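Comments concern the structure below.
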Amino acid sequence: MAIDNIENINEAPERESMEFDVLIVGGGPAGLSAAIRLKQLAAEKGAELSVCLIDKGVEIGAHILSGAVIDPHALDELLPDWQQKVTAPLTAVTQDRFLWLKENKFNQLPLSLLPSSLKNNGNLIGSLGQISAALAVEAEALGVDVFAGFAATEVLFDDAGSVIGVTTGDMGLDKAGSPTAMYQAGMNLVAKMTFFAEGCRGQLGKQLIERFDLAANSGKQTYGLGIKEIWQIPKEQHQPGVVIHSVGWPLDNHTYGGGFAYHYGEDLVAVGLVVGLNYENPYLSPFEEFQRLKTHPAFSGFLSGGKRISYGARSMVAGGLAALPELSFPGGALIGDDAGFLNAARIKGTHCAVKSGSLAAEALFGSLHHETVDYSRFKSLFRQLFEDSWLYQELYQTRNFKPYMKKGLVIGSMLFGAEQLLLKGKSPWTLKLKQADHENIKEASKFQPIIYPKPDGVLTFDKASSVFLSNTNHEEDQPCHLKLADITVPIQINLAKYAAPETRYCPAGVYEVLGEINQEKLQINAQNCLHCKACDIKDPLQNITWTAPQGGEGPIYQGM
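The letter at position 193 of the sequence shown is residue 193 when you use UniProt numbering, and the numbering goes up by one with no holes.
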């Protein structure tokens with residue numbers, strides 16, 4: 001199907017172009033659900049609709065990491081038999097435990113005091129990466145062109161400024177950006193409508209929000225860094241279906257975050273810690289705090305004697321409804337975590353991502369007119385469908401969660417709990433965050449350094465051995481995908497004022513300060529990058545920009 005006004009996309013004459021009706025960037029639950037729903041609707045109407053989905057991972061699911069306790073509601077709507085299509089273990093939740101930790105002891109909160117958002121009756125524990133792989137098979141069976149190993153690195157626009165697709169990254173460049181013997185130019189993928197489903201802090205989504213001023217009426221977005229391991233534990237210590245969440249130690253009252261442990265499958269436990277990236281203390285290391293968490297009796301009791309088999313980390317968007325940008329712009333839309341569809345109060349986002357992708361597909365199908373897309377119709381219909389959906393109602397009910405938690409663990413929990421239990425989330429006010437996460441970090445002179453214990457290699461580990469378990473790989477002879485706007489900032493400002501926080505907030509040891517005093521330099525070990533994007537979010541001066549490396553590179557998560 002021909003697209004008008006594409007003259008400007010061929011600045012690199014050697015690039016080939018492919019055209020589709022719909023292009024989807026990202027092979028997570030949002031992108032795959034949108035693709036599946038589009039094909040379902042086309043089949044119902046007897047219409048022809050070409051849909052292409054690309055993902056930067058070497059295979060679908062390779063870059064997907066989530067807890068994951070999954071609310072199956074949205075997937076049940078999309079594919080009633082989806083559970084039969086997933087070969088990986090799915091374990092029904094049997095019990096919730098919510099713990100308030102103090103060092104070496106804890107209190108278990110009565111379930112009667114927990115808001116409904118923290119209860120998991122009817123939910124499932126499993127691997128979101130494996131679920132995504134199964135959804136990709138379903139999408140291909142419906143006729144979606146699914147291409148893994150292709151990283152979208154640039155948005156294409158027509159003369160009027162509308163989005164008309166993306167360019168995939170060049171491959172085979174050396175560190176200086178010059179073509180090698182393995183050079184392969186990226187392609188221009190052109191479409192009537194492009195859905196961006198890159199996940200949290202998407203490279204292109206971030207650019208589109210700025211270009212179209214999509215967040216003009218929203219509160220500041222906020223994020224958490226989730227660090228996760230999978231353990232195989234002794235059978236007698238395994239409690240299938242038990243879901244544990246914790247707050248408190250090892251984090252202080254002023255730092256948002258909490259631990260989790262999900263027992264599922266054949267003697268597997270997913271254990272992890274989420275740390276809000278709006279923390280103040282530059283000496284804090286989320287990775288080291290997670291290692292400490294595992295030594296607490298509430299966690300070590302079932303991990304002892306077990307074996308760590310996988311590791312990973314990624315950022316999660318957490319601002320909720322008040323931080324959602326406008327969802328659409330000429331020629332495209334943001335879906336899933338690229339927009340911010342995650343319910344931090346429930347510690348869940350999969351069902352939100354799936355539903356957002358389905359709604360976008362329905363809005364697009366309702367906006368087609370004589371083989372063209374009525375953008376004005378799409379914009380209004382997408383917004384209407386969202387506001388009429390259970391997704392909007394759920395996000396509205398918990399919309400004040402993050403602003404409350406900004407007041408500290410104790411006060412924030414009391415305020416949110418009261419709003420949920422007494423007002424059922426129907427308070428007459430909507431609170432918005434006024435500071436971005438990087439603006440919250442304070443100068444190192446206001447804090448004492450945190451001395452973390454050395455890893456024991458049994459319960460606690462270092463970053464190098466952890467990254468090894470993530471199967472992360474990047475070709476070293478290529479341009480660094482972690483871009484510094486100003487190469488002097490890491491030493492002259494970050495080190496001098498903030499004690500080089502990038503060496504601690506990165507969970508993969510990507511950033512190191514080397515050299516003697518007054519001769520320091522920042523070394524970037526880009527080959528270790530887990531694509532968590534914490535650096536893009538937390539850098540004090542926003543001097544670091546995460547960009548996609550060559551397609552197919554990064555972690556290859558197994559069962560995460």
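Cβ atoms here follow ideal geometry from the backbone N, Cα and C, with glycine treated the same way. Computed from a predicted model, the values in this text were never measured in an experiment.
Beta-carbon proximity of residue i to residue j, cut-off 8 angstroms
i	j	result
GLU138	ILE36	yes
ARG308	TRP429	no
GLY61	ALA197	no
LEU495	VAL513	yes
PHE260	LEU38	no
TYR505	ALA534	yes
PHE386	PRO282	no
THR167	GLY331	no
GLY425	TYR396	yes
VAL155	LEU53	no
GLY551	PHE150	yes
Spatial neighbours of residue i in its chain, beta-carbon cut-off 7 angstroms, leaving aside the 5 residues before and after
i	result
GLU44	none
ILE3	Residue confidence is low: ILE3 scores 40 on pLDDT, short of 50, so the model does not pin down where it sits. Its coordinate-derived value is still stated next. Excluding positions up to five away in sequence, the list reads GLU19, ILE164, VAL190 and LYS192.
GLN527	HIS474 and GLU476
GLU289	PRO250, LEU251, LEU273 and VAL275
LYS402	THR222, ALA318, GLY319, GLY320, ALA344 and LEU433
Cα-Cα separation, residue i to residue j
i	j	result
ALA500	LEU277	16 angstroms
ALA134	SER328	28 angstroms
LYS105	ALA298	8 angstroms
residue 567	ALA92	Beyond the ends of the chain as shown, which are 1 and 560, falls residue 567; an answer cannot be given.
SER445	SER358	49 angstroms
ILE6	SER246	In this prediction, ILE6 has a pLDDT of 43, which is less than 50 and means its spatial position is unreliable; what the coordinates show is noted afterwards. Cα to Cα, ILE6 sits roughly 52 angstroms from SER246.
PRO555	HIS370	43 angstroms
ILE9	ALA185	Per-residue confidence for ILE9 stands at a pLDDT of 43, beneath the threshold of 50, marking its modelled position as unreliable; no derived number is given.
SER300	PRO234	12 angstroms
LEU90	GLY67	13 angstroms
PRO455	THR295	11 angstroms
GLY177	LEU284	35 angstroms
LEU423	ALA313	35 angstroms
PRO13	MET187	Summary for PRO13: the model assigns pLDDT 45, below 50, so the residue's position carries little reliability; its value from the coordinates is reported in the next sentence. Taking the straight line from one Cα to the other gives about 11 angstroms.
SER310	PRO453	22 angstroms
SER367	VAL51	16 angstroms
ALA489	ASP536	Here residue 489 turns out to be Val, not Ala, going by the sequence shown. Approximately 14 angstroms between the Cα atoms of the pair.
THR153	ARG97	43 angstroms
LEU111	ARG15	58 angstroms
ARG383	GLY126	31 angstroms
LYS175	ASN525	13 angstroms
CYS200	LYS348	13 angstroms
Per-residue DSSP class, three states only, for residue i
i	result
VAL190	strand
ASN440	helix
ILE233	coil
ASP4	With a pLDDT of 42 at ASP4, under the threshold of 50, the modelled position of this residue cannot be trusted; read the value that follows with caution. The answer is coil: DSSP assigns ASP4 none of H, G, I, E or B.
ASP81	coil
ILE60	coil
SER315	strand
MET414	helix
PHE386	helix
ALA298	helix
ILE491	helix
ASP337	helix
THR91	strand
Nearest residue (CA-CA) to residue i, options the options
i	options	result
LEU372	ASP21, SER17, ILE556 and PRO330	Reading off the sequence shown, one finds Thr at residue 372, where the question assumed Leu. Considering only alpha carbons, the answer is ASP21.
GLY417	LEU495, SER117 and GLU77	SER117
GLY219	ALA318, GLU266 and THR194	ALA318
PRO80	THR503, GLY149 and SER33	SER33
ALA322	PRO449, TYR505, LYS434 and GLY408	LYS434
ASP462	ASN123, LEU109 and PRO286	PRO286
GLU140	TYR375, GLY27, GLN478 and GLU362	GLY27
ASN543	VAL144, CYS529 and GLU439	GLU439
VAL146	GLU59, GLN519, LEU75 and ASP338	GLU59
LEU49	LEU41, LYS56 and ASP55	LEU41
LEU75	SER356, LEU99 and ILE64	SER356
GLU280	THR545, CYS529, ILE451 and ILE441	ILE441
PRO540	GLN83, GLN492 and GLU520	GLN492
Residues near residue i by beta carbon distance below 8 angstroms, same chain, minus five either side
i	result
MET405	TYR256, GLY276, GLY412, SER413 and PHE416
GLY408	ASN253 and HIS254
PHE302	ILE233, GLN237, HIS238, GLN239, ALA261, HIS263 and VAL269
GLY241	THR91, ALA92, VAL93, THR94, GLN95, ILE125, HIS263 and TYR264
6 angstroms CB neighbourhood of residue i in its chain, flanking five on each side removed
i	result
PRO549	HIS474 and HIS481
LEU214	PRO325 and GLU326
GLN291	THR460
ALA436	LYS220
LYS497	GLU443
Near the ligand HEM: residue i beta-carbon under 7 angstroms from a heavy atom
i	result
VAL275	Ligands displayed in this structure: none; no statement on the ligand HEM is therefore possible.
CB contact below 8 angstroms: residue i versus chain C
i	result
ALA363	This model lacks chain C altogether, as it is built from one protein chain only.
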